[in-house]
Amino acid sequence: MDGIRLNDTASLEAFGIDKQNIVEEITRAYAHQIYVDGFFNGDPHPGNFLVSKEAPHRPILLDFGLTKKLSSSMKHALAKMFLASAEGDHVALLSAFSEMGLRLRLDMPEQVMEITSVFFRSSTPATEAQQNLKSLAEQREKNMKAIQEKLQLNQKEVKRFNPVDAFPGDIVIFGRVLNLLRGLSSTMNVRIVYMDIMKPFAEAVLGNINKTPAANAQWIYNTPVHSDVEAKLRRLLVELGNNDKILGIQVCAYKDGEVIIDTAAGVLGRYDPRPVQPDTLFSVFSATKGITAGMLHWLVDNGKLKLDENVANIWPEFRGNGKEHIKVHHILNHTSGLHNALADLRGENAFLMTEWDACLKLIEASQPETEPGKQQLYHYLSFGWLCGGIVEHASGKKFQEILEEALIRPLKIEGELYVGIPPGVEARLANLTLDTDDLKKLSEMRNRAEMPSTFQLNNISEFAEYLPAFFNMLNVRRAIVPAANGHCSARALARYYAALADCGVVPPPHSSASNPPLGSHPHIPKFPSKKTDEKQKGTVDGGLKNERSDGRQNVYIRIEEDDDNDEEKCSKSSRDTSKGAGPVNKKGKIFSNPRVHEAFMGVGEYENMCLRDGVFGLGFRRLKSKDGVGSYSGFGHSGMGGSTGFCDVKNRFAMAVTLNKLSFGG
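Per UniProt numbering, residue 1 is the first one in the sequence shown, and the count goes up by one each step.
Encoded structure:
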């Protein structure tokens with residue numbers, strides 16, 4: 001084939017060939033091969049190319065000997081890694097690594113992002129090679145120093161330490177191609193910005209995947225149908241999915257202590273075509289408040305806290321600025337007057353939200369705007385830090401320690417409910433996106449009576465558009481924000497409310513048809529150690545067992561007396577559990593108060609602790625029957641965008657919905 005070699009500078013100039021354009025065309029061709037075709041040449045060195053002599057001068061690839069074919073999942077993971085690097089998305093980057101089988105031995109997301117950015121860095125002309133090498137050496141030294149400090153290694157150990165535990169072979173060829181392309185541009189003495197050239201191809205492979213049920217037979221995750229109502233639900237979800245109203249969703253429901261719905265459907269994100277599974281973790285926004293409220297009630301149940309106690313008696317630093325008479329029940333009932341505390345964190349100080357101790361300090365310095373107990377205004381952010389401070393001061397333990405002790409371990413939902421995710425769960429996270437057609441409905445929320453003045457935003461659509469991007473960030477997902485940052489599966493949240501519906505009685509083990517089993521993930525994943533020992537054969541992971549430490553199966557007693565009132569049901573629950581499983585303990589029941597439902601809803605003997613006719617009880621939104629007539633029948637909490645958890649205590653029904661396409665129907 002007649003053409004001009006890339007190192008023939010004189011001929012290239014004689015034919016008036018634009019070297020910059022040629023290298024950009026070669027780069028585009030390789031981006032198409034890798035991300036679109038999934039089949040690429042692995043040897044793009046200068047000797048394998050010619051440039052045609054006829055205009056328009058095009059690059060010609062001579063040798064297609066060394067090639068690599070990528071699986072669909074690897075192609076998607078490589079595209080996701082590239083886009084994550086381009087956009088600084090730490091969550092997507094760590095998820096992409098997990099998907100492609102690249103395992104790290106430590107959690108240092110900032111350094112990982114920097115290294116990946118170097119991987120896709122712009123090429124430099126040969127004249128700048130020395131300075132470029134110096135810069136790379138300095139960056140490597142900086143990263144190794146960070147590793148040394150984190151792992152407390154000496155100089156000899158850090159030199160031998162490999163931060164990568166497992167490295168997929170496909171990445172080796174992929175990295176070779178990028179390095180050879182970079183060498184090619186250096187030979188041609190041109191500068192190539194790989195991020196700009198390759199990004200459209202990576203976006204195309206992920207963005208053009210049809211994610212609707214009509215195009216994906218596996219849109220509903222393959223789990224058995226538990227009931228007729230679940231079959232009807234799945235048909236409805238398919239209809240909503242085909243109308244582009246759902247991206248990814250989980251729905252789980254309990255009736256009389258047993259699972260009747262456990263459905264997962266859709267995909268993890270706009271640029272993540274992996275299926276939503278039963279153990280996928282969703283950001284549930286204010287549905288977190290129901291979990292946080294449960295922790296305070298647990299402390300009350302265990303004698304660590306009183307609902308009518310002044311917060312300042314528990315939390316001395318809280319005293320001052322007119323807060324002396326604020327009681328615990330004022331916080332739970334959204335009547336403390338601190339509804340606007342820390343409200344400015346939505347603006348320029350948004351990342352301060354991720355600093356737990358700093359937020360508690362700001363709460364201590366805050367001043368109520370209304371007299372405690374006189375007006376119910378939704379504490380949409382301050383609720384979390386107010387409750388969190390009370391939890392830590394009343395218990396003497398960290399917030400997340402109480403969360404595990406009170407709820408996670410007794411309910412056996414390890415690995416599927418967090419307030420602040422730990423490192424190592426990124427691959428199971430659903431990515432938030434916005435239902436842009438639904439933005440107009442936000443205006444309906446603006447005038448709700450229970451909303452504080454600071455929620456009356458002048459540009460609500462701008463706030464909504466900013467919300468998914470902010471809460472998708474890794475440092476935000478890892479932050480403890482007990483009002484708005486819970487991450488959970490629907491089956492974990494539904495199990496929590498199923499226990500609350502039965503006065504704290506822990507339901508029997510979750511449906512065996514749901515895989516992986518609920519509670520089978522380690523709650524805090526461990527990174528591989530520097531010296532990885534082989535697991536002994538024949539051992540069973542303790543997290544998969546449903547037996548108690550004494551070898552007996554957990555016992556659950558069903559309550560059949562439908563005619564009893566709520567207090568009698570709770571009392572019978574406690575007595576019957578005692579008969580079936582020996583003395584009542586926290587493994588079988590998370591609450592012992594027979595009037596705990598009254599406490600949750602703020603009725604009966606707790607009525608004076610709540611504002612009359614207010615929408616909130618003590619930490620939960622109160623629910624009435626469909627016609628709105630009569631007494632309260634249940635309670636729960638929803639989050640902005642649609643995720644929700646609730647229970648109907650009269651019918652022993654609990655349900656949770658988690659989703660990643662935020663809808664603002666009000």
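Where a beta carbon is used, it is the ideal one built from N, C-alpha and C, also for glycine.
CA nearest to the CA of residue i, picked from the options
i, options, result
"I291", "L623, K661 and G486", "G486"
"K289", "D308, L493 and E13", "L493"
"F616", "K397, G642, I408 and Y378", "Y378"
"G645", "M353, L240, Q250 and G322", "Q250"
"L467", "H393, S663 and S395", "S663"
"V300", "R652, I590, K661 and V649", "I590"
"M100", "V172, I17 and A656", "V172"
"P422", "Q400, R121 and S11", "Q400"
"P125", "S286, A231, S185 and F282", "S185"
"residue 755", "A287, L206 and I524", "Only positions 1 to 666 of the chain appear in this structure, which leaves residue 755 out of reach."
"I402", "K304, V425, P163 and F471", "K304"
"V259", "A498, L659, C503 and A14", "A498"
"S117", "S511, G88 and P224", "G88"
"L296", "N472, R191 and A406", "A406"
"P509", "A599, R103 and R491", "R491"
Cα-Cα separation, residue i to residue j
i, j, result
"I415", "H57", "Per the sequence shown, the amino acid found at residue 415 is Gly instead of Ile. Going by the C-alpha atoms only, they are around 57 Å apart."
"L78", "L178", "13 Å"
"L544", "E404", "The predicted position of L544 is uncertain, since its pLDDT is 33 and thus under 50; no value can be drawn from it."
"N310", "K327", "4 Å"
"residue 668", "E141", "Because residue 668 is not part of the residues shown, which for the chain are 1 to 666, the question remains open."
"N608", "D308", "10 Å"
"T212", "E371", "51 Å"
"A513", "E114", "42 Å"
"V657", "I261", "11 Å"
"I4", "V276", "51 Å"
"R270", "L94", "17 Å"
"R495", "R182", "53 Å"
"D279", "S122", "39 Å"
"H330", "G337", "9 Å"
"H597", "K232", "31 Å"
"K80", "N349", "29 Å"
"K579", "V505", "Reliability of the predicted coordinates at K579 is poor, the pLDDT of 33 falling under 50, and the value obtained from them is presented with this limitation in mind. So the two alpha carbons sit approximately 14 Å from each other."
"G175", "N7", "23 Å"
"S520", "D107", "22 Å"
"T577", "G320", "Since pLDDT at T577 reaches only 37, below the 50 mark, its modelled position is unreliable, and the value read off the structure follows with that caveat. Roughly 46 Å between the two C-alpha positions."
"S11", "I17", "9 Å"
"N208", "C359", "42 Å"
Opening and closing residue of the alpha helix (DSSP H) in which residue i lies
i, result
"Y496", "A490 to A501"
"M655", "Unbroken run through M655 is the beta strand (DSSP E), F653 to L659; no alpha helix (DSSP H)."
"G207", "Y194 to G207"
"A610", "Strictly speaking, residue 610 in this sequence is Cys, with Ala absent from that position. It is not in any alpha helix (DSSP H) - C610 carries neither H nor E in the DSSP assignment."
"residue 694", "Nothing can be reported for residue 694: it is not among the residues displayed for the chain, which extend from 1 to 666."
"V419", "V419 -> not in any alpha helix (DSSP H); beta strand (DSSP E) instead, spanning L417 to V419."
"A86", "S72 to E87"
"A119", "Looking at the sequence provided, one finds Phe at residue 119 rather than Ala. Start and end: P109 to F119."
"R234", "D228 to N242"
"P360", "With the sequence shown as reference, residue 360 is identified as Leu, and Pro is not the correct amino acid for it. Unbroken alpha helix (DSSP H) run through L360: W356 to A365."
Closer than 9 Å to chain D by CB, residue i
i, result
"Q152", "The structure shown contains no chain D, having only a single protein chain."
Span of the beta strand (DSSP E) around residue i
i, result
"F39", "F39 to N41"
"V259", "E258 to G269"
"D274", "Checking the displayed sequence, the identity of residue 274 turns out to be Arg instead of Asp. Note, R274: beta strand (DSSP E), D272 to P275."
Close Cβ partners of residue i (< 6 Å) along its chain, the five nearest in sequence each way excluded
i, result
"Y418", "H487"
"T187", "P46"
"M601", "G617, R622, Y632 and F635"
"G582", "Confidence in G582 is poor, its pLDDT being 32 and thus under 50, which makes the residue's placement unreliable; the coordinate value appears in the next sentence. The answer is none, since no qualifying residue turns up."
"Y194", "F120"
"K75", "G38"
Cβ-heavy atom distance, residue i to the ligand NAD, below 8 Å
i, result
"H297", "Among the ligands in the structure shown, none appear at all, so the ligand NAD cannot be discussed."
Same chain, Cβ closer than 7 Å to residue i, neighbours up to 5 away in sequence not counted
i, result
"S52", "G3, R58 and I60"
"L50", "M1, G3, I4, R5, I60 and L62"
"E32", "Checking the displayed sequence, the identity of residue 32 turns out to be His instead of Glu. Only F201 meet the Cβ criterion."
Beta-carbon proximity list for residue i, same chain, < 8 Å, skipping 5 on both sides
i, result
"A383", "One detail in the question is off: residue 383 reads as Phe in this sequence, not Ala. Correct list, in chain order: K289, T292, I331, H334, P482 and A483."
"Q375", "T335, G337 and L611"
"A427", "L94, S95, S98 and E99"
Cβ pair count under 8 Å reaching 3, the segment 262 to 272 against the segment 235 to 250: Touching, yes, given that three or more Cβ pairs across the two stretches are closer than 8 Å.
Cβ contact check for the segment 632 to 641 and the segment 308 to 320: 3 or more pairs under 8 Å: Result no; under three Cβ-Cβ pairs closer than 8 Å.
Cβ contact (3+ pairs, closer than 8 Å) linking the segment 651 to 660 and the segment 355 to 372: no
At least three beta-carbon pairs within less than 8 Å, the segment 223 to 242 to the segment 474 to 485: In short, these stretches do not touch, since the Cβ pair count stays below three.
Given 8 Å, three or more beta-carbon pairs between the segment 148 to 167 and the segment 34 to 52: no
Inter-stretch contact (C-beta, 8 Å, three-pair minimum) for the segment 63 to 80 and the segment 15 to 22: no
Three or more C-beta pairs below 8 Å linking the segment 218 to 231 and the segment 144 to 156: no
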